Every structure is written in C-alpha cells, then in structure tokens.
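J.: Using the UniProt record's numbering, read the sequence shown as starting at 1 and increasing by one per residue.
Glycine included, every Cβ here is placed at the ideal spot set by N, Cα and C.
As the structure is a computational prediction, the values presented were derived from the model and not from experiment.
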Amino acid sequence: MSQYSADAGLGSRQRFDRRFFADVWRLAKPYFRESEERWSAIGLLVLIVVATVGGVYINLRITNWYNTFYNALQTYQADKFWPLMGEFSILAIIGIALSVYQTYLTQFLDLRWRRWLTGTFLTRYLNARTYYHMEVFKRGQDNPDQRIADDLSSFAQYTSNLVSGLLSAILNLTAFIGLLWVLSAKVVVPWGGAEHHIPGFLVWAALIYAVAWTWVAAVIGNPLIRLNYHQQRLQADFRFSLVRLRENSEGVALYGGEAKERAQFDHRFDHVFGNYRRLLLMQKRFNWFTTYFSQFAILLPYLVAASAYFAKAVPLGFLMQISSAFGNVQSSFAYFATSYDSFAQWHAVSDRLRGFLGYIEEVEAMQRKESHVERRAGDVLDVQKLTLRLPAGGTIVENLDLHVEPGERLLVTGRSGIGKSTLLRAIAGIWPFGEGSIALPDGGRSLFLPQKPYLPLGSLRDALLYPNGSVKTSDDALVSALERVGLPGLVPYLGDLQPWAHMLSLGEQQRVAFARILLQQPTYVFLDEATSALDEPTELALYRLLDEFLPRTAVVSVGHRSTLFAFHSRRLQLLGEGRWTDGAMDAEPESKSQYAT
Ligand SMILES: Nc1ncnc2c1ncn2[C@@H]1O[C@H](COP(=O)(O)OP(=O)(O)OP(=O)(O)O)[C@@H](O)[C@H]1O
1 MSQYSADAGL
11 GSRQRFDRRF
21 FADVWRLAKP
31 YFRESEERWS
41 AIGLLVLIVV
51 ATVGGVYINL
61 RITNWYNTFY
71 NALQTYQADK
81 FWPLMGEFSI
91 LAIIGIALSV
101 YQTYLTQFLD
111 LRWRRWLTGT
121 FLTRYLNART
131 YYHMEVFKRG
141 QDNPDQRIAD
151 DLSSFAQYTS
161 NLVSGLLSAI
171 LNLTAFIGLL
181 WVLSAKVVVP
191 WGGAEHHIPG
201 FLVWAALIYA
211 VAWTWVAAVI
221 GNPLIRLNYH
231 QQRLQADFRF
241 SLVRLRENSE
251 GVALYGGEAK
261 ERAQFDHRFD
271 HVFGNYRRLL
281 LMQKRFNWFT
291 TYFSQFAILL
301 PYLVAASAYF
311 AKAVPLGFLM
321 QISSAFGNVQ
331 SSFAYFATSY
341 DSFAQWHAVS
351 DRLRGFLGYI
361 EEVEAMQRKE
371 SHVERRAGDV
381 LDVQKLTLRL
391 PAGGTIVENL
401 DLHVEPGERL
411 LVTGRSGIGK
421 STLLRAIAGI
431 WPFGEGSIAL
441 PDGGRSLFLP
451 QKPYLPLGSL
461 RDALLYPNGS
471 VKTSDDALVS
481 ALERVGLPGL
491 VPYLGDLQPW
501 AHMLSLGEQQ
511 RVAFARILLQ
521 QPTYVFLDEA
531 TSALDEPTEL
541 ALYRLLDEFL
551 PRTAVVSVGH
561 RSTLFAFHSR
571 RLQLLGEGRW
581 TDGAMDAEPE
591 SKSQYAT
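(1) Assign ARG561 to one of two classes, buried (16 or more other C-beta atoms within 10 Å of its C-beta) or exposed (fewer than that).
(2) Indicate, with yes or no, if ligand 1 has a heavy atom lying under 7 Å from the CB of THR413.
(3) Measuring straight from C-alpha to C-alpha, what distance separates ILE220 and TYR340?
(4) By DSSP, does HIS267 sit in helix, in strand, or in coil?
(5) Does the Cβ of GLN520 have 16 or more other Cβ atoms within 10 Å, making it buried, or fewer, making it exposed?
(6) Thinking C-alpha only, which one of GLY414, GLN510 and THR159 is nearest SER342?
(7) Is there contact between the segment 294–306 and the segment 167–174, where contact requires at least three CB pairs shorter than 8 Å?
(8) Near ASP151, what residues of its chain come up, given a Cβ to Cβ distance below 6 Å and the 5 sequence neighbours on each side ignored?
(9) Please confirm whether ARG112 and GLU37 have their CB atoms less than 8 Å apart.
(10) Mind checking which residues open and close the alpha helix (DSSP H) that includes HIS347?
(11) Can you give me the C-alpha to C-alpha distance between ARG15 and ILE177, rounded to a whole angstrom?
(12) Within this structure, are the beta carbons of LEU424 and VAL512 separated by less than 8 Å?
(13) Is DSSP giving HIS133 helix, strand or coil here?
(14) Shortest alpha-carbon distance to ALA206 belongs to which of ASN248, MET134, ARG278 and TYR302?
(15) Going by the C-beta, is PRO391 closer than 7 Å to any heavy atom of ligand 1?
(16) State the start and end residues of the unbroken alpha helix (DSSP H) segment that holds TRP580.
(17) So what does TYR524 bridge to, in DSSP terms?
(18) What residue does the alpha helix (DSSP H) around ALA463 start on, and which one ends it?
(19) Counting Cβ pairs closer than 8 Å, one from the segment 380–395 and one from the segment 41–56, do we hit at least three?
(20) Measure the Cβ-Cβ separation of VAL525 and LEU447 and say whether it is below 8 Å.
(21) Quick one, which of SER332, LEU224 and ILE198 has its alpha-carbon nearest ALA175's?
(22) Go ahead and pull the three-state DSSP assignment for SER154.
(23) Ignore the nearest five residues each way along the sequence and tell me which others in THR130's own chain have a CB closer than 7 Å to its CB.
(24) Compute the Euclidean distance between the alpha carbons of TYR309 and PRO315, then round it to the nearest angstrom.
(25) Could you tell me whether any non-hydrogen atom of ligand 1 is closer than 7 Å to the CB of THR422?
(26) Please state the DSSP three-state secondary structure of ALA392.
(27) Only counting runs of 4 or more residues, tell me where the alpha helix (DSSP H) segments fall wholly within the segment 192–274, in order along the chain.
(28) Should ARG18 be labelled buried (16 or more other beta-carbon atoms within 10 Å of its own) or exposed?
(29) Look at the Cβ atom of GLU405, then the Cβ atom of VAL380, and state whether they are nearer than 8 Å.
(30) Residue range of the alpha helix (DSSP H) that ALA439 falls in?
(31) Rounded C-beta distance between LEU202 and VAL304? I'm assuming under 8 Å.
(32) Would you check whether ligand 1 has a heavy atom nearer than 7 Å to the C-beta of ILE418?
(33) Does any heavy atom of ligand 1 sit closer than 7 Å to the C-beta of VAL136?
(34) Helix or strand or just coil, what does DSSP make of GLU398?
(35) If we ignore side chains and look at the alpha-carbon of each, how far apart do THR581 and HIS568 end up?
(36) In its own chain, which residues sit with a C-beta less than 6 Å from the C-beta of GLY444, not counting the 5 before and 5 after it?
Following this line, the structure appears as structure tokens:
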C-alpha cells in the first residue's frame, strides 16, 4: 500500500490539510532524524534559530528606541540626539549581521539537504530498475527528471524559508504581544458617546484583522496551487521536447521534420504561456487584496491611538511605539496570508514529489505483485519452468527449461515481435511479468548487448569500460580491443569527451560495444541483434574474436541472419503462444511446449 498519493496535486484536494502535512513531514523527517548528516543539520538549525532570536531581540530594542527617540524630538532634548543615533547604528549593524547570517545559514542548510534528498531519490529511482519499470508499467508520471533536478531543490528551499519565516513570526509575536497588550491599556475606544477600555484591545484588533486577511488570501489564492503545479509540469514538458530534438537531431534532419517539430514546440509553449497567463492574472487578483490589507494595516494603530494623542494623553513616541508593536504582532498573525504565494508554490512542489514517491511505491508494489521469477545464485545459466507474459496478456514462453554451460553458443530465433528480446530481458532480471526461476552468474560476469548500444556521457575510454570494466585497465588493452574490432582510427581519441552516440555510426557503436566483451571478459554474453548494423564479413570477424579470445564464454545471440547459424551450435526457437523448441542447430526442431502440435 502506497504511503503517498501518486496523483497528489491533480486528483487530490489542493488544500493544506492533514494528509498534505503528514506527507511533507514524511518527506522532510528522514534528513533530520535518520540521515548520517543529521547532527550537522541540527547544528545548523540551532544556529539559524539563534540568529532568528537575535534578530527578533534587535527588533524589540528598535521598537523601544522609537519611543525614546520621538519623545526626545518632541521635547527638544538635543543632548539625547547623538547618543540615540549611535544606539540605533549599533542595533542596525548587529541586526544586519544576524539577518545576513540567518539567510546564509538557511541557504547552506538547503543546499546540503538538497544533496541528500537528490541522493536518496536517485537511489530509489535506480534501485531494482524502478526507472525502467516506470516506463514498462506505463502509468505515465510526467518528467521524473524534472522532479529530481528541480522540485527537490525548490522543496528544500521553500520548506526551510517558510519554516524559518514561521519561527520569526512566532518569536516576534511572543516578543511584542505583551508590549502591545500593555500599550493597549492607554487606548480608549469611543463607543455610544462613552469611552471604553478593552483589555488587549490592539492585540484583538490585530488578530481579527489577520484572520480576515488569511481567509481572503486562502479563498482567492487557492487556485495558485493548481496553476503552479501545472506550470512546473508544462515547463518540463516543453524542455523535454527540446531535449528530444537534440537527442534525435539526425533523424529529424533526415526526415526534414523541422516544421512538425516546430508545431510540436509551439503547441507545448502555448500551454506554458496560457497557464502562466492564468497564473499572472490570479496573482494580480491576489496582489490587489493583499496590498490593500497590508497598507491599511499601517493606518490601523494610528486610527485607534490618534484620539489619545490629540487629547495629549500620550506622547508622539508612544504613538510610534504602538504602531511598530502593532505592525509586528499583526504581521506575525498574518504570516500565512502574507506568504500565501510561497505557500502555494511549496504545496505545488510538494505535490509533485508526493506524487513521484507515491508512483515509485506503486511501481515497487507492482514489481512484487507481477514478478514471481525467482533469481537463484549460480555459476551457470539455468532457467527452470519459466513462463513470460506481456502486460496486456499473451504468453511469450511457457515452462521454458534452458541450461547453458560456459563456452556454449546458443542462437535464439523466431519471427519479429515474438518475444526474443523479452526473453533476454527476463534473463537479465528486468522483465517483471512472469514466473519460474533463473540462475545466472552475477557481479559483472554476465554482459548484455542490446541492438542499439548505449554509450554513456564521457570519454571513449568510459564507453569501452561501461559498466563493469576496471578503471585500472591499461591503455594498451583498450587500444588492442579497438584494433581487434576494426576501429584503430579511434585510438587517438580515447580520452576525448565527445557526444560519441551522435558521432559514431550505428555499426561503429556496435563495434565499440563488442570491444567491451573483449575487455570485460564476461562468463556469459547476450547479444540481442548486437551486430545487425554490420556487414556480414565484419559480423563474422567479430564472432571469430569470441572463439579466439573467449572460448570459455557462453554466447547467447538473438538474430535473424542465417550467417549467424554457422557460429552457433544450438538453437532456441520461439514459435508463438508460449511454444518453443531447443536443440542442435541442424537438428529437426522439436516443440517442448504443452501447446505444441
Ligand atoms: N515495455 C513493453 N510494454 C508492452 N509490451 C512490450 C514492451 N516491450 C515489448 N513489448 C511487446 O512484447 C512483444 C515482444 O517484443 P520483443 O522486443 O521481445 O520481440 P522480438 O522478438 O525481440 O522482436 P524483434 O525481432 O522485432 O526485435 C512485442 O509484441 C512488443 O510489442
């Protein structure tokens, strides 16, 4: 059962409800409670709290300074002017230093928290091939890359900013509420021709005002959560379409598909623009109200205290002090309303992460539910009673028994789309739909080469050693591998960082992948049409390299070409509807399935 809602933000209510805070707490807690950085994180938090408390204390001192300063001005006490100027300067210098450090330490904490969150999310994303199964199960979560690259950073920033803002608000409130309560005693409320004393009148006024403001902000600002959520998604969709063009630039250029691509970009950008426009309009509406509320709040204390001042019951300094204390209490009460815009963005970002985590959990649950293929430890490939299915139904193989010794050469054949690659996926442990058991040497002793080789970002050296090659492999070994697969021309570029997947032809990429076999010397190698882009003599030459240098390596190939037959001594033929035959290459096929005729 998923702890997070996979469609949070879309299907769920966009409210600051208990479910939301519970999910955010689950997201935030592990860093401060369980991570190896927790003590340094808590240390930073303590420093931030100290800086915040110091800032509030300075604020309180400045409010009292107002009282003394304006009273001195009103009573023309020139001798107090310079000492008061000096006092203010010192308070301002300390206040500025505390504020700068509070901001810096908060940002530093954000950065470290983001690093930890990114590492944790990447682990879950890569673990048990969840990234791959997200695509296979096709439940369509948009842009996982953006959630990891951007949303985690925003989450750390918004959370720490909002929490530190809340802390300041609470401390401010604590510091000023008593002062405002005391000051309220000197304010009378004219009502029905008489003057009334209401205990803590200004505190109540600030509270009622802030509640009204918060209510209006929540009602008007609520759509901001949904619009921010969509804005992040649409922005990521647009960026993804541009990245796809870059990845497939040659295909698009050869097809001359620029107009179609442009239409696609325009279409996606229209969505970005339209949503952003709605967001701007909503923000404008929101700003109308919040600006009115915040401006009127400045007048409120003067309005209530003016009659006492003009009646000369209180001095000017009192009026200034009351306005400062009222402003502090009122803005603390109204913290949620004044920061609603940031809260809305925080909600949207958190929803994207809750949704992502919920989806990861769903995929993990599906992996457990769908896959009943037992993985056994072993030194040889041994498949027992393996049945593989397609997600939409349909059986690829049924009750397959397959035992391949090191040094054997097995060719898997069958018509296109029958499930040959899927069988290799299952042996590799990435196809989740099926049951049975598979033993395969692990720890880099098995290497799978797909039809389209994957070349990682980095140098040609990195590409040759991907994924299990030793970093200590000598240049001589790399050079000799390149020469053996017929790529001596690439030797001078071994250390170059180039987009190799774009620069090399498909056949050259397949040869680079083949060189990996020579360098990494696995016990089992699986070639899924891994030489399909090569001419037949080159293909033959590469297969001969395996005989010459890796005679003890078992080779399991998938391919359609008859030239491959000569190299393999055994053949597994997939016949459809779960049927299969296994025998010597030249023997008459014999169906082993219970459905065989
Ligand atoms: N991720 C997936 N989700 C759903 N169906 C899939 C997925 N991957 C493969 N299939 C389906 O599984 C079936 C077998 O695909 P597979 O790639 O194993 O065939 P193949 O025999 O290797 O084909 P070819 O010889 O053309 O490469 C196909 O019908 C394909 O559409």
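T.: Once the coordinates are examined:
(1) exposed
(2) no
(3) 10 Å
(4) helix
(5) buried
(6) THR159
(7) no
(8) VAL349, ARG352 and LEU353
(9) yes
(10) 340–370
(11) 30 Å
(12) no
(13) helix
(14) TYR302
(15) yes
(16) Run containing TRP580: none in the alpha helix (DSSP H); it sits in the beta strand (DSSP E), 579–584.
(17) SER446 and ALA554
(18) 460–465
(19) no
(20) yes
(21) SER332
(22) helix
(23) ARG124, ILE360, VAL363 and GLU364
(24) 6 Å
(25) yes
(26) coil
(27) 201–221, 223–247 and 249–255
(28) exposed
(29) yes
(30) From DSSP, ALA439 is part of no alpha helix (DSSP H) but of the beta strand (DSSP E) over 434–439.
(31) 7 Å
(32) yes
(33) yes
(34) strand
(35) 15 Å
(36) ASN468
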